[in-house]
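**Student:**
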Amino acid sequence: MAQLRQDYSKFVERDVEVVVVGPEDAPAFAKFWKANSLPFIGLPDPSHSVLKLYGQEVNLFKLGRMPAQVLIDKDGVARFVHYGHSMQDIPENEEILALADEINVR
């Protein structure tokens, strides 16, 4: 999330909304967001409904949810999906920003 926070203004310039979904409940999310001054949206998903909707993998041997990045256009169509195999398997922001430019998310 530090990587997202660092480049958040670049996402805003492209009219891209960053939403981070996690398994915690709303109070835990609010506490974490406040403590870390995160500028983007945090969506609590304790029932795992978003996880199931996008097919995000859960691997209990690798700390639970595997990372997933989904780029959704303004019509609600998923234009890019990356399912990570570890917590380090996350596309660089520049790759996501280039994809956003390419599919005219702005």
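Whatever position you read off the sequence shown (first residue = 1), add 7 for my numbering.
In this text, a Cβ means the ideal position worked out from N, Cα and C, and glycines have one as well.
Compute the Euclidean distance between the alpha carbons of V112 and G91, then round it to the nearest angstrom.
**Tutor:** As a first step, residue 112 must be located in the sequence shown, where it is residue number 105. As a first step, residue 91 must be located in the sequence shown, where it is residue number 84. The predicted position of V112 is uncertain, since its pLDDT is 49 and thus under 50; no value can be drawn from it.
**Student:** Mind checking whether F47 and F18 have CB atoms under 9 Å apart?
**Tutor:** One-based indexing of the sequence shown puts residue 47 at position 40. One-based indexing of the sequence shown puts residue 18 at position 11. A contact, by the Cβ cut-off of 9 Å.
**Student:** Of the choices H55, E64, D52, I79, whose alpha-carbon is the least far from that of A107?
**Tutor:** Here residue 107 refers to the residue found at position 100 when the sequence shown is read from its first residue. The shortest Cα separation from A107 among H55, E64, D52, I79 belongs to I79.
**Student:** Would you report the Cα separation of S93 and K81, rounded to the nearest angstrom?
**Tutor:** In the sequence shown, counting from the first residue as 1, residue 93 sits at position 86. In the sequence shown, counting from the first residue as 1, residue 81 sits at position 74. Those two C-alpha atoms are separated by around 29 Å.
**Student:** Determine the extent of the alpha helix (DSSP H) in which V84 is found, giving its start and end residues.
**Tutor:** As a working mapping, residue 84 is identified with position 77 in the sequence shown. From DSSP, V84 is part of no alpha helix (DSSP H); its letter is neither H nor E.
**Student:** Using DSSP with H/G/I as helix, E/B as strand and the rest coil, what is Q63?
**Tutor:** Within the sequence shown, the letter at position 56 stands for residue 63. Three-state DSSP puts Q63 in coil, outside helix and strand.
**Student:** Taking the Cβ atom as the reference point for each residue, do P53 and P30 lie within a distance shorter than 9 Å?
**Tutor:** Mapped onto the sequence shown, residue 53 falls at position 46. Mapped onto the sequence shown, residue 30 falls at position 23. Yes; because the gap between Cβ atoms is below 9 Å, this pair is in contact.
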